[in-house]
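*Asks:* The following block contains the structure, expressed as structure tokens.
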């Protein structure tokens with residue numbers, strides 16, 4: 084009996100990657116800027132998005148998808164900022180994937196949107212493996228999580244495009260070492276853009292708003 | 071469990087390949103990059119669960135861990151790197167291109183004939 088070696092060389096998550104590529108193409112054709120947000124649970128994704136969406140809603144047409152294992156709480160909160168929000172409850176699945184996004188968007192007319200924000204399940208591990216077809220991925224890190232968090236979770240920081248330090252109004256109370264955090268971020272993702280905000284007090288939100296608005300300016304120029 | 075869904079995806083892919091190459095699948099070779107987000111031991115454990123009761127119940131999993139390898143845009147050289155230090159030793163330039171280290175790949179199957 085002989086043994087043959089069959090070369091496969093296939094990405095195990097190929098199915099997700101193929102779907103994500105299709106989504107990315109669809110988003111591009113529709114002219115909608117899609118941004119996803121990942122972080123630990125409790126870093127302030129929903130509060131940040133609530134605040135950002137309220138600020139952008141007067142100028143832009145916005146929709147959001149939010150993933151959680153259970154409850155519709157986050158979708159309800161985001162709907163206060165803008166009505167077109169849909170909750171994806173994953174049950175036991177610890178991350179969103181392209182199939183879930185495609186299913187959630189099925190009846191939406193993407194051409195009518197400027198922004199689609201996707202809030203991932205609170206998890207710094209699993210979302211890193213799943214492309215959602217987004218144009219940009221933002222990883223949030225709050226001032227109470229420890230400056231070395233990026234070093235502990237290099238994969239998620241490496242697959243993100245922008246890091247956002249949140250809850251900066253608590254920085255003094257948490258004895259947050261801003262320079263150490265920035266060093267950690269830049270050592271796992273050299274050149275990464277870093278924003279700093281407090282959604283609660285508004286500090287840094289104008290800069291954040293301008294940053295996201297610049298994505299639309301780039302689209303308008305095409 | 072996350073690695074379980076990956077192991078189940080592997081079963082599906084191995085099924086597709088095995089359909090074209092009859093014979094028992096003795097082993098599957100998988101390449102996992104240090105930046106893939108997948109834990110080797112968790113995947114081994116998940117494989118035991120995923121293969122049970124399938125036609126691949128005796129298929130062994132062989133894992134190759136792929137270290138990080140980067141190319142520097144400034145000097146064009148390729149270097150090994152660590153996940154917490156993705157910098158060219160010479161140029162210290164950001165925006166390194168990651169050549170290897172992100173793989174989550176079914177590389178090959180050993181099939182008995």
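Chains as they are written, first to last, in my numbering: chain Z, 84 to 305; chain X, 71 to 183. Every residue, glycine too, gets a C-beta built ideally from N, C-alpha and C. Since the model is a prediction, treat every value here as computed from it, not as a measurement.
Any beta carbon of chain X sitting closer than 8 Å to that of residue 271(Z)?
*Replies:* Closer than 8 Å to some Cβ of chain X, the Cβ of residue 271(Z) qualifies, so yes.
*Asks:* Check distances from the C-beta atoms of the stretch 236–258 of chain Z to those of chain X and list, in chain order, the residues that come in under 9 Å.
*Replies:* Against chain X - using a Cβ distance shorter than 9 Å - the residues of the stretch 236–258 of chain Z are 237, 238, 239, 241, 242.
*Asks:* Name, in chain order, the residues that DSSP records as bridge partners for residue 180(X).
*Replies:* In the DSSP output, where bridge partners are listed per residue, residue 180(X) has 88(Z), 97(X).
*Asks:* By alpha-carbon positions, which one of 269(Z), 134(Z), 124(Z) ends up nearest to residue 243(Z)?
*Replies:* Closest option to residue 243(Z), Cα to Cα, is 269(Z).
*Asks:* Going along chain Z in order, which residues have a C-beta closer than 8 Å to the C-beta of residue 139(X)?
*Replies:* The premise fails here: residue 139(X) is roughly 14 Å from chain Z at the closest Cβ pair, so nothing lies under 8 Å.
*Asks:* Using a Cβ cut-off of 8 Å, pull out every chain Z residue sitting near residue 96(X), in sequence order please.
*Replies:* In chain order: 86.
*Asks:* Do residue 178(X) and residue 90(Z) have their C-beta atoms closer together than 8 Å?
*Replies:* In this structure, residue 90(Z) lies closer than 8 Å to residue 178(X) by Cβ.
*Asks:* Short of 7 Å in beta carbon distance, which residues of its chain neighbour residue 114(Z), apart from the five on each side in sequence? Order them along the chain.
*Replies:* Answer for residue 114(Z): 194, 302, listed in chain order.
*Asks:* Would you mind stating whether residue 278(Z) and residue 226(Z) have Cβ atoms separated by less than 8 Å?
*Replies:* Result no, Cβ atoms of residue 278(Z) and residue 226(Z) do not sit closer than 8 Å.
*Asks:* Compare the Cα-Cα distances from residue 98(X) to each of 151(X), 152(X), 130(X) and report the closest residue.
*Replies:* Nearest of 151(X), 152(X), 130(X) to residue 98(X), Cα basis: 130(X).
*Asks:* If you draw a straight line from the alpha carbon of residue 71(X) to that of residue 80(X), how long is it in whole angstroms?
*Replies:* With a pLDDT of 48 at residue 71(X), under the threshold of 50, the predicted position of this residue should be treated as unreliable, though the coordinate-derived value follows. Using only the alpha carbons, I get a separation of about 15 Å.
*Asks:* According to DSSP, residue 149(X) sits in a beta bridge with which residue or residues?
*Replies:* Looking at the DSSP assignment, residue 149(X) forms a beta bridge with 140(X).
*Asks:* Going residue by residue through the stretch 197–232 of chain Z, where are the continuous beta strand (DSSP E) segments of at least 3 residues, counting only ones entirely within it?
*Replies:* List check, beta strand (DSSP E) in window: 198–202, 219–225.
*Asks:* Any beta-carbon of chain X closer than 8 Å to the one on residue 263(Z)?
*Replies:* For residue 263(Z), the answer is no, since every Cβ of chain X falls outside 8 Å of its Cβ.
*Asks:* With a cut-off of 8 Å, do at least 3 Cβ pairs link the stretch 168–184 of chain Z to the stretch 205–215 of chain Z?
*Replies:* With a cut-off of 8 Å, the stretch 205–215 of chain Z and the stretch 168–184 of chain Z count as touching, because enough Cβ pairs lie within range.
*Asks:* If we call anything under 8 Å between Cβ atoms a contact, is residue 122(X) one with residue 77(X)?
*Replies:* The answer is no: Cβ separation not under 8 Å.
*Asks:* Using the DSSP secondary-structure output, state which residues sit across from residue 115(X) in a beta bridge.
*Replies:* The partner list for residue 115(X) (beta bridge, DSSP) is empty, contrary to what the question assumes.
*Asks:* What runs of the beta strand (DSSP E), each 3 residues or longer, lie entirely inside the stretch 127–169 of chain Z?
*Replies:* Counting only runs of 3 or more, we get 145–151.
*Asks:* Once DSSP output is grouped into helix, strand and coil, what is the label at residue 238(Z)?
*Replies:* Three-state result, residue 238(Z): helix.
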